[in-house]
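So the sequences go chain by chain: H and F. Add 57 to a position in the first sequence, counting from 1, and you land on the number used in this note's numbering. Add 510 to a position in the second sequence, counting from 1, and you land on the number used in this note's numbering. For every residue, glycine included, the Cβ atom is placed at its ideal position computed from N, Cα and C.
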Amino acid sequence: MQAFARLLDSLSFQPARNAKLRLIETYLREAPDPDRGWALAALTGGLDFPSAKPALLRGFGQEKIGEELFALSYDYVGDLAETLALIWETDPAAGPPPTLAEVVETLQRATRTQTPAILKRWLDALDSTGRWALLKLLTGALRVGVSARLAKQAVANIGNQPVDAVEEVWHGLEAPYRPLFDWLLHGAPRPSSNAGAAFLPAMLANPIDRSELDALDPAHFRAEWKWDGIRVQVAASGGLKRLYSRAGEDVSGAFPDIIEAIDFEGVFDGELLVRRETAVAPFNDLQQRLNRKTVTPKMLKEHPAHIRLYDVLWLEGQDLRGLSFDERRARLEAWMALKERPRFDLSPLVTFADWAELAAKREEMRADGIEGLMLKRGDSAYLSGRPKGPWFKWKRDPMLADCVLMYAQRGHGKRSSFYSDFTFGCWRDGSAGGRELAPVGKAYFGFTDEELRWLDKWVRDHTINRYGPVREVEQKLVLEIAFDGIARSTRHKSGVAMRFPRINRIRIDKPAAEADAVDNLLRLLTKSEPESPLAGGMSHAHYPGVTLTEEP
Amino acid sequence: MATETLNPRKWLYPTPRGLYCEPGDFYVDPAFAVPRAVITHGHGDHARPGHRRALATPETLAIMRTRFQDMPDTDQQALKYGESVRIGEVEVGFAPAGHILGSAQAVLAYRGQRIVVSGDYKRRPDPTCPPFEPVPCDVFITEATFALPVFHHPSDAGEIGKLLRSVATFPERTHLVGVYALGKCQRVIRLLREAGYDKRIWLHGGLMSLCKLYQEHGVDLGDVAPVSEAILETFKGAIVLCPPSAIADRWSRRFADPIAAVCSGWMNVRARARQRGAELPLVISDHADWPELAQTLKDVGAPKVWVTHGREEALVHYARGLGIDAEALHLAGREEEDS
């Protein structure tokens with residue numbers, strides 16, 4: 058438990074992806090079985106036991122140091138599990154601290170009445186980092202910035218395997234994953250990937266723009282709308298039914314309506330959407346359904362999930378991934394024609410003779426729920442990862458707005474000495490007459506290294522106030538911000554939130570007074586608005602906006 | 511010892527310039543320049559320049575001279591641990607505080623009553639200074655920087671072990687270790703040496719003069735060198751000590767993919783460590799943690815305790831629970847420093 062606790066502790070402070078990987082790899086190599094398997098389960102969200110209630114922890118704390126001191130302590134630390142971990146004192150007489158395996162296996166068996174006594178014994182035996190990790194496990198929220206995918210990448214790295222090889226066998230395995238470690242570290246045979254509804258690593262597309270298209274022969278490519286939902290894989294075999302995210306996370310629990318509707322066997326690639334009648338609901342609606350362990354009946358009724366299929370990987374006991382896109386498409390269409398399934402439909406092909414015609418269709422398409430086009434070579438096999446050449450995504454042009462830099466904050470890791478997080482605003486009528494800036498968003502990428510150095514120096518030279526780590530700057534610098542969408546927001550003063558904002562250009566040529574007004578952004582919310590008042594690239598003014606992006 | 515009639519607050523009390531001792535006509539650790547000052551130790555919020563006369567330990571005076579351009583206009587009076595001197599009607603002595611080199615508790619005796627102004631202190635061993643010595647007294651004035659039950663500083667060796675483990679895990683990166691220039695810096699170097707780390711330790715230029723002073727006082731720091739003197743040095747795998755503010759400064763850009771380690775008692779609390787941008791927080795503090803504060807109240811056995819700078823409320827509550835007549839004492843000019 059102590060080694061796992063040190064790992065969680067290090068991960069929680071380490072922002073860089075590669076450093077996180079290194080920490081997990083080192084732990085997985087050094088920790089014994091079955092501890093490392095349970096650790097992997099914890100990091101991939103695969104541990105499940107009855108969680109400890111906050112009241113229990115608060116009671117423990119008050120018992121230790123009294124109500125008043127506990128209240129002062131909690132007030133200062135601000136996190137219940139951490140407060141308890143810190144005030145508790147290690148008892149040298151408590152014996153050796155438990156191993157992670159002991160903790161997990163005991164908790165899985167313990168009854169609710171047994172848990173408090175067991176817990177106290179462990180708290181006595183562990184050090185404060187150990188207590189913190191234990192309580193984080195128990196309260197069900199590790200929050201150390203590690204995705205399941207990252208943990209799988211780490212485990213693949215220790216065996217010098219590609220992460221997709223781990224992904225293929227993953228869902229046939231159970232914690233503590235002994236056969237996985239035996240394969241990766243001790244040369245045992247690779248575990249079978251044929252175990253029911255396993256996840257098959259997804260094929261991803263590269264971005265492309267209009268100018269690059271001319272080098273390609275349109276006759277080789279098929280086009281589909283790029284749906285603004287979540288890419289998923291539906292897998293069903295031998296009675297098992299699963300819904301996976303594009304990264305291989307099992308999200309079946311959040312979508313019982315989909316799982317229930319699966320009356321077939323096979324593996325399909327498609328887009329998860331919320332659909333009412335025939336219309337696709339904005340991404341916002343889908344977001345309501347994400348990241349939930351259980352779903353209420355009301356949620357199921359008001360946000361019905363739907364899958365729009367665009368590929369088939371496995372059908373009638375056959376792996377189709379080696380076939381061409383055209384052959385797979387024919388199989389998919391034939392299969393869809395056999396039976397009507399209300400929760401599933403087919404993503405149509407967009408026909409075109411040349412790039413100009415396709416470009417025109419892309420320009421004309423103004424429907425919600427579409428964020429561009431997918432281009433797939435007709436002869437492309439289904440390859441995992443992001444191969445260069447066969448598949449492209451041709452996104453809609455971003456919206457642009459000229460905003461004024463207001464605040465800057467230093468970044469993390471390599472950027473910790475640079476002011477690289479920028480808050481910018483647009484004009485509106487001030488309360489005391491005159492115009493004032495209201496913050497409309499925050500961006501921390503889109504610029505080159507050279508531009509970052511320039512911005513950093515500009516911030517240092519134009520600081521007028523400091524609030525802790527934040528610098529307020531003179532309202533002089535105009536930034537052209539590109540963003541994928543905009544939504545009404547009650548959390549932002551300006552009333553709008555941008556989706557995926559980034560710094561497109563630094564407009565040293567433009568006076569701050571000529572930057573855009575908040576009203577201009579508000580007008581983008583209105584579907585009927587024929588022509589955007591903002592500069593450039595505003596062909597799709599009505600766009601479902603959210604602040605979360607599913608595909609960075 | 512105590513006479514029933516003498517109220518200690520009549521002869522030692524806070525003023526806007528600092529804690530004033532009336533029958534001796536001097537201030538203890540005043541926040542501004544005064545005619546006569548008694549200084550417990552060299553940190554900036556206790557030792558300030560410009561006093562006409564200053565009484566301190568020889569080491570503290572040496573530190574002040576290094577920081578304040580030799581202080582030619584201050585009449586400096588050195589007093590060793592265990593010795594005492596009479597100022598006005600008050601007998602003033604120094605006892606070790608275990609905080610940093612030269613740190614002392616000021617022991618003030620007047621008309622049979624004894625007040626100990628402990629300054630800043632800690633109880634665990636520190637290779638750079640003698641340990642805290644409990645002095646029985648009528649009134650004990652204690653700091654309260656880490657006076658909450660959440661502050662349990664772990665063992666120094668364990669924290670240094672964390673740093674060395676990180677250096678082993680990321681051998682191609684530079685470990686930038688943020689330390690306060692006076693005390694923390696030299697203690698961390700000694701702790702690294704005690705853990706067997708014998709490679710050169712690189713220093714930010716701002717740390718050099720006080721390291722030199724410690725070495726002159728017999729603290730062996732081993733092979734240390736300023737970053738500015740490095741020739742063709744990539745700092746890959748190196749440990750570089752710097753003031754905490756330098757980690758996020760442009761100065762740090764010369765290093766290979768640095769990891770920010772910060773040594774401070776505040777690192778005990780995650781939110782504080784994140785605020786400071788620490789990737790590797792190390793809980794190494796020169797202040798007493800909660801159990802040390804509690805132990806000290808018992809060791810000095812004072813019936814009255816005055817609590818200054820920090821989380822007074824919790825310590826006052828705790829002391830009253832022990833039957834001690836405790837109250838908060840609000841002093842001017844005390845800040846949360848890098849502790």
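One Cα belongs to serine 488 (chain H), the other to arginine 545 (chain H), and the distance between them is close to 21 Å. In the structure shown, serine 67 (chain H) falls within a helical segment according to DSSP collapsed to helix, strand and coil. Contact with chain F is found for valine 134 (chain H), since one of that chain's Cβ atoms lies less than 8 Å from the residue's Cβ. For phenylalanine 680 (chain F), the chain H residues whose C-beta falls within less than 8 Å of its own C-beta are Ala76, Arg79, listed in chain order. As the crow flies, the alpha-carbon of leucine 261 (chain H) is around 28 Å from that of threonine 335 (chain H). Contact annotation for aspartate 759 (chain F) against chain H: Ser474 [CB-CB distance below 7 Å, chain order]. Within the DSSP bridge table, the entry for leucine 403 (chain H) names H:Leu366 as partners.
For glycine 323 (chain H), no alpha helix (DSSP H) run applies; the uninterrupted beta strand (DSSP E) run containing it begins and ends at 323 to 333, by DSSP.
Secondary structure at lysine 110 (chain H): coil, using DSSP grouped into helix, strand and coil. Sixteen is the threshold: when 16 or more other Cβ atoms of the shown chains lie within 10 Å of the Cβ of leucine 581 (chain H), as they do, the residue is buried. Of the residues F:Ile670, F:Ala824, F:Val729, the one whose Cα lies closest to the Cα of valine 772 (chain F) is F:Ile670. Taking a contact as a CB-CB distance under 8 Å, the pair valine 461 (chain H) and glycine 482 (chain H) counts as one, their CB atoms being some 6 Å apart. Nearest neighbour of aspartate 809 (chain F) by Cα position, chosen from F:Asp580, F:Ser738, F:Ala829, F:Glu532, turns out to be F:Ala829.
A distance below 7 Å between beta-carbons, with the five flanking residues on each side excluded, links phenylalanine 238 (chain H) to the following residues of its chain, in chain order: Asp90, Arg93, Gly94. Excluding five sequence positions before and after proline 646 (chain F), the CB atoms of its chain that fall closer than 7 Å to its own CB belong to Val810, Gly811, given in chain order. Residues of chain F with a Cβ closer than 7 Å to the Cβ of glutamine 71 (chain H) are, in chain order, Glu789. At a cut-off of 8 Å between beta-carbon atoms, threonine 520 (chain H) makes no contact with chain F.
About 6 Å separates the beta carbon of arginine 562 (chain F) from that of aspartate 585 (chain F), a gap short enough to meet the 8 Å contact definition. The three-state secondary structure of cysteine 531 (chain F), taken from DSSP, is strand. DSSP lists H:Phe540 as the beta-bridge partner residues of methionine 456 (chain H). Taking C-alpha positions only, leucine 807 (chain F) is separated from alanine 142 (chain H) by approximately 25 Å. Where valine 516 (chain H) is concerned, the enclosing alpha helix (DSSP H) starts and stops at 506 to 518. DSSP lists H:Pro264, H:Met431 as the beta-bridge partner residues of lysine 450 (chain H).
Distance from aspartate 799 (chain F) to histidine 662 (chain F) at the Cβ level is roughly 6 Å; contact confirmed, criterion being Cβ atoms closer than 8 Å. If you look at glycine 187 (chain H), you'll find it in the alpha helix (DSSP H) that goes 185 to 196. About 33 Å separates the beta carbons of leucine 825 (chain F) and cysteine 752 (chain F), which is beyond the 8 Å limit, so they are not a contact pair.
In this structure, F:Val617 is the residue among F:Asp759, F:Thr638, F:Val617, F:Ala788 with its C-alpha nearest to the C-alpha of serine 628 (chain F). Residue environment analysis places glutamate 789 (chain F) among the buried positions, since at least 16 neighbouring C-beta atoms fall within 10 angstroms of its C-beta.
Here arginine 443 (chain H) has Leu261, Asn263 as same chain residues with Cβ atoms under 7 Å from its own Cβ, once five neighbours each way along the sequence are excluded. Among the residues of chain F, none has a CB under 7 Å from the CB of isoleucine 215 (chain H); the nearest is roughly 14 Å distant. Interface flag for glutamate 139 (chain H) against chain F is set, since a Cβ pair is found closer than 8 Å.
A contact between stretches requires three or more CB pairs, one per stretch, nearer than 8 Å, and the stretch 413 to 428 of chain H fails this requirement with the stretch 242 to 251 of chain H.
With its beta carbon less than 8 Å from one in chain H, asparagine 778 (chain F) belongs to the interface.
Listed along chain F, the residues sitting closer than 9 Å to arginine 467 (chain H) by beta-carbon distance are Ala758, Gly787. By the Cβ-count criterion, isoleucine 741 (chain F) is exposed, with fewer than 16 other Cβ atoms from all chains shown falling within 10 Å of its own Cβ. A direct Cα-Cα distance of roughly 15 Å separates glycine 491 (chain H) from glutamine 532 (chain H).
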